Amino acid sequence: MNPLFDVVCIILIQKLNSHVHYQYERTVSGLSEPFYIRAIRFFLRVLMDYQQYLDEINALNDYFRLGIAIGLFIVSIVFAKYAVIRPWWRFVSSTDADWDDFLHRPLANRTYALIFAISAQLTIRWILGTSSSTYDTSEPLFAAFYVILSASILSVSIKHLIPVLMDQFSAQGSVTVSGSNSIVAFFLRAVVWFAGLYFALNQLGIELFGILASLAVFSLIIGLAVQQTLGNIVNSFLLSIDRPFEVGDRIEVDGTWGSVVSVGILSTKVLDRDERLVVIPNNTLVQAKITNHARGGGDGIARRISIVLDIGVDYREDIDHVKYTLLQLSKECPYVIDKPEPRILLHELGDFAKVFRLYTWVEDYSDEYVARDWLLRNIDERFGKENINIPFPTSVELADSVYEQAEVTKQRTAKRKMVQERKKLDESRNNARAELEEIDETLKDPDISKKDRTALEERQRELNSLLSQFDRDGD
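In this note's numbering, the protein residues as written are 766 to 1240.
Dropping the structure here:
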């Protein structure tokens, strides 16, 4: 046994003996012996006989010692399960976060694996001794196993922790790889496993870089075969850093126009105007010109967009009258914002009309086509009330039809129903916009559970799709 340990035990026994002797003299004097003195006496007897017990155990048959080792291993597993693993599970279950729940089982399994490896290593050292060839052979294997186990623990921790950390610093819907891991976590785990494999092979006396050098030709062939795939993976990493768009943004790439649904390792998926899913390779995105309609607003309002309308009127109309009418109408539009203010300019003196250009702005690009519809419809009605004529090609008018009165009645009925439909549409969009604002505020809470966050993000995409449904009508 360890000589230093024996010296410490002898000193401890001497100190305790002197104290016990003092208490014994008190007992002889008529004082009762305290309970802790009796316990110390028992402890001293066990401590003084420990060498004898160990010698008896070491003298046992190898099979008996193996049985003792297995028993101690089982005791260690039971102790770890009930004293560490289960209390740890009760603690993580009581928290609102989900990442610690997902991390518990992988770490618990690796804890059992660590206990098994340590038990096996100590058993070999105890039964076979440190001078045996089996011990010399097994030690590097155990060292390599510990390195791989450490890399595994670090990798699974990155898998569950990096997405949580990225959510704290990035807006929701940022460009990440579809699935459980972000692209950053993917590369970090690859680095961890490469380092773990390198150090584990070093423990076994194997040089990893030598193996890679010997496989250079084979690696070159594989590299050429997966060149496009590797390029897409690297470009997805570049997209996650640069973030030219986010999930839900309306983008235009090489004639493809739609909303970003997701960004994967190899491709980006866009839902176009006809609700067709367009898959664009990430290589194409990096090399192509991207128009992001959700990032074009000024004054720090990314989703703001301008609406420009060209309105032609008869040459006999007064310019100020037309400008004032269009300006008042623009201010009445519920979708047009006050800042910047609407502007009307005389744009062109055409062959048959004075062309005025109306500049207005809406706060969210999803309202573009609804606002355009409101402006055109009300311009037509207001010009009729103000007797402002819009020139049109001259044609030959036929005599009034006998069905003219019936046609007027149908038009009135259709107009009344259309007013009701417009009210329903406006109410639906207003409710969707209000719910979307509530969801945006809720998603800012860092303590929200992963399940609730996923459900809210799904509802957020549905509402954005509802507000952008008129984008499919074309330009």
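Cβ atoms here follow ideal geometry from the backbone N, Cα and C, with glycine treated the same way.
Treat the numbers as computed from the prediction; the structure is a model and nothing was measured.
Helix, strand or coil, according to DSSP, for residue i in the structure here?
{"i": "Arg1108", "result": "strand"}
{"i": "Pro1156", "result": "coil"}
{"i": "Val1026", "result": "strand"}
{"i": "Asn1057", "result": "strand"}
{"i": "Ile971", "result": "coil"}
{"i": "Leu1074", "result": "strand"}
{"i": "Leu1036", "result": "strand"}
{"i": "Pro1009", "result": "coil"}
{"i": "Thr860", "result": "coil"}
{"i": "Glu1113", "result": "strand"}
{"i": "Ile913", "result": "helix"}
{"i": "Lys1209", "result": "coil"}
{"i": "Arg1224", "result": "helix"}
{"i": "Ser897", "result": "coil"}
{"i": "Ser841", "result": "helix"}
{"i": "Ser1214", "result": "coil"}
{"i": "Asn1229", "result": "helix"}
{"i": "Glu1200", "result": "helix"}
{"i": "Asp1145", "result": "helix"}
{"i": "Glu1133", "result": "helix"}
{"i": "Val772", "result": "With a pLDDT of only 48 at Val772, under 50, the local geometry of the prediction cannot be trusted, and no value is derived from it."}
{"i": "Asn874", "result": "helix"}
{"i": "Asn1195", "result": "helix"}
{"i": "Glu904", "result": "helix"}
Residues in its own chain within less than 7 Å of residue i by CB, not counting five upstream and five downstream?
{"i": "Arg1108", "result": "Tyr1124"}
{"i": "Thr899", "result": "Ile889 and Leu893"}
{"i": "Val857", "result": "Asp865, Asp866 and His869"}
{"i": "Val1167", "result": "Residue placement at Val1167 is poorly supported in this model, since its pLDDT is 46, which falls under 50; the coordinates are not used for a value here."}
{"i": "Val1087", "result": "Val1078, Phe1121 and Ile1153"}
{"i": "Val912", "result": "Gly961, Phe964, Ala965 and Gln968"}
{"i": "Tyr1100", "result": "Val1127, Asp1132, Val1135, Ala1136 and Trp1139"}
{"i": "Ile842", "result": "Tyr877 and Ile880"}
Can you give me the Cβ contacts of residue i inside the same chain, cut-off strictly under 8 Å, excluding the 5 residues immediately before and after it?
{"i": "Asp1079", "result": "Ala1118, Lys1119, Ile1153, Asn1154, Ile1155 and Pro1156"}
{"i": "Leu973", "result": "Leu962, Tyr963, Leu966 and Asn967"}
{"i": "Phe867", "result": "His925"}
{"i": "Leu1141", "result": "Leu1074"}
{"i": "Ala878", "result": "Leu914"}
{"i": "Thr1021", "result": "Val1035, Asp1037, Val1043 and Ile1045"}
{"i": "Cys1216", "result": "For clarity, residue 1216 is Lys in the given sequence; the question names Cys instead. These residues qualify, in order along the chain: Asp863."}
{"i": "Thr876", "result": "Ala845, Val849 and Ile850"}
{"i": "Pro905", "result": "Gln968, Leu969 and Gly970"}
{"i": "Phe1148", "result": "Val1078, Thr1090, Asn1154 and Ile1155"}
Within a Cβ cutoff of 6 Å, which residues of the same chain sit near residue i, ignoring the five residues on either side of it in sequence?
{"i": "Ala909", "result": "Ala965, Gln968 and Leu969"}
{"i": "Val957", "result": "Ala916, Leu919 and Ser920"}
{"i": "Ile850", "result": "Ala873"}
{"i": "Glu1254", "result": "Because the chain here runs from 766 to 1240, residue 1254 falls outside it and cannot be looked at."}
{"i": "Leu1110", "result": "Arg1122"}
{"i": "Asp1129", "result": "Arg1068"}
{"i": "Asp1019", "result": "Ala1053"}
Which word fits residue i, buried or exposed, when buried means at least 16 other C-beta atoms lie within 10 angstroms of its C-beta?
{"i": "Ser1214", "result": "exposed"}
{"i": "His925", "result": "buried"}
{"i": "Thr1219", "result": "exposed"}
{"i": "Ile1084", "result": "exposed"}
{"i": "Ser945", "result": "Confidence at Ser945 is low in this model, with a pLDDT of 39, below 50, so its placement is unreliable and the value that follows should be read with caution. The residue in question, Ser945, is exposed, as its Cβ has fewer than 16 Cβ neighbours within 10 Å."}
{"i": "Arg954", "result": "buried"}
{"i": "His1058", "result": "buried"}
{"i": "Phe844", "result": "exposed"}
{"i": "Leu1270", "result": "Absent from the model: residue 1270. The displayed extent of the chain is 766 to 1240, so no value can be given."}
{"i": "Tyr828", "result": "exposed"}
{"i": "Ile839", "result": "exposed"}
{"i": "Leu1036", "result": "buried"}
{"i": "Gln1225", "result": "buried"}
{"i": "Leu1050", "result": "buried"}
{"i": "Tyr1089", "result": "exposed"}
{"i": "Trp1047", "result": "According to the sequence displayed, residue 1047 carries Asn and not Trp. So Asn1047 ends up on the buried side."}
{"i": "Thr1033", "result": "buried"}
{"i": "Ser1024", "result": "buried"}
{"i": "Arg1015", "result": "buried"}
{"i": "Ile1076", "result": "buried"}
Per DSSP, what are the beta-bridge partners of residue i in this structure?
{"i": "Trp1126", "result": "Ser1071"}
{"i": "Val1018", "result": "Thr1021 and Ile1055"}
{"i": "Val1043", "result": "Val1035"}
{"i": "Val1120", "result": "Gly1077 and Glu1113"}
{"i": "Val1101", "result": "Val1127"}
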